[in-house]
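Worksheet: the structure to be examined is printed underneath.
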Amino acid sequence: MTAPLLAVEALHVHYGASHALQGIDLAVPAGGVVALLGRNGAGKSTTLKGIMGIAAPSAGRVLIDGAAVGGMAPARIARRGVGYVPETRGIFPSLSVEEHLTLAARDGGGPLARIYARFPRLAERRRAGGGTLSGGEQQMLAIARALTTGPRILLLDEPTEGLAPLVVAEIEEMLRGLKAEGLAMLLVEQNLAFALAFADRVVVLGKGRVRWTGPAAGFAAADPAQAWLAV
Ligand code: ATP
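Under the working numbering, the first residue of the sequence shown is numbered -11, with each subsequent residue one higher.
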């Protein structure tokens, strides 16, 4: 049996005395999409940060292609093929669109032409400062930046949060295209309808633990798990 592209095994993260992740297990196969669901504070963002080495795990393992990446700096984990799009997007107001992409590509990326072909709006706005971009453009730039190094898996933290419906549709369409090309994703998403339609599998977190996991198609019927979602 080949190792999954990404595996998280019994991952624990503490913030001081607060035990945010209490033994998370999940796996994403090559080309697969897993949706990470749960209420505010359930531990979704912390799971992504633990995988990227941004939040230091207190126990457990993260494996890429079966090799543990514990203790590695985020940039090294990224070079293993993991792209990370944080909830905060991380756009610098004073840097242009092109400067964001050039800086990211310096870490082993290919030519920007491919990125601009995928994101024509960013090509048009290449000289615009990060601070002048709309919310949707900022999110596109955050995703484009994560793609510059040619990842095999994207970790996406609420990519459609706070965006207008038309922009949400645009981003969902773009994510569908990436999935069709075989890019794996671990997606934190509040929009349950999209998450269930888009993901192959669902992992529901509640209070730092996995409360349900299974195929996305089986989730709607899994009533007890729904209790870990609604506020
Ligand atoms: P949200 O949708 O609100 O981001 P989440 O499921 O992503 O929710 P996390 O952000 O991972 O949840 O938070 C998990 C727990 O860890 C929460 O109790 C939160 O208050 C706590 N927490 C998160 N970040 C920190 C931090 N930097 N310092 C201390 N506690 C934190």
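For each residue, glycine too, the CB sits at the ideal point set by N, CA and C.
N- and C-terminal bounds of the alpha helix (DSSP H) containing residue i
i	result
V57	Element bounds for V57: n/a, residue is neither H nor E.
G165	153 to 168
E112	108 to 112
Q224	Here the chain comprises residues numbered -11 to 219, so residue 224 is not present and cannot be evaluated.
T90	85 to 93
S33	32 to 40
D211	211 to 214
A183	180 to 186
Beta-carbon spacing of residue i, residue j below 8 Å
i	j	result
L36	Y3	no
L184	A208	yes
G54	G196	no
I52	L(-7)	yes
R113	E125	yes
L89	T136	yes
A210	W200	yes
A130	I79	yes
L25	V198	no
E177	A23	yes
P81	G117	yes
L217	L163	no
Residue i versus residue j: straight-line alpha-carbon distance, rounded
i	j	result
L(-1)	V50	8 Å
G229	R64	What is shown of the chain runs -11 to 219, which leaves residue 229 out entirely.
R115	A215	47 Å
L9	V1	5 Å
G138	S122	25 Å
A43	E(-3)	15 Å
I159	A152	11 Å
G48	A56	10 Å
A(-9)	T120	43 Å
P74	A(-5)	19 Å
I12	S46	12 Å
I141	R189	15 Å
V21	R77	21 Å
E169	A5	42 Å
E87	A213	44 Å
P17	L166	15 Å
R67	V85	22 Å
G150	M60	32 Å
G69	A92	13 Å
M128	F182	18 Å
V156	N28	20 Å
G19	H7	32 Å
P62	T34	14 Å
Extent of the continuous beta strand (DSSP E) run through residue i
i	result
E(-3)	-6 to 3
I141	141 to 145
T201	197 to 203
Check: residue i C-beta below 7 Å from any heavy atom of the ligand MG
i	result
A63	Only the ligand ATP can be found as ligands here, which leaves the ligand MG out of the picture.
Note to self: Check whether the stretch 199 to 211 and the stretch 162 to 179 are in contact - that is, three or more C-beta pairs closer than 8 Å.
What the structure shows: no
Margin query: Count Cβ pairs between the stretch 97 to 110 and the stretch 142 to 150 that sit closer than 8 Å; are there 3 or more?
Written below: no
Next item on the list: For the ligand ATP, enumerate in chain order all residues having a CB closer than 6 Å to any of its heavy atoms.
Entry: Y3, S6, A8, G26, N28, G29, A30, G31, K32, S33, T34
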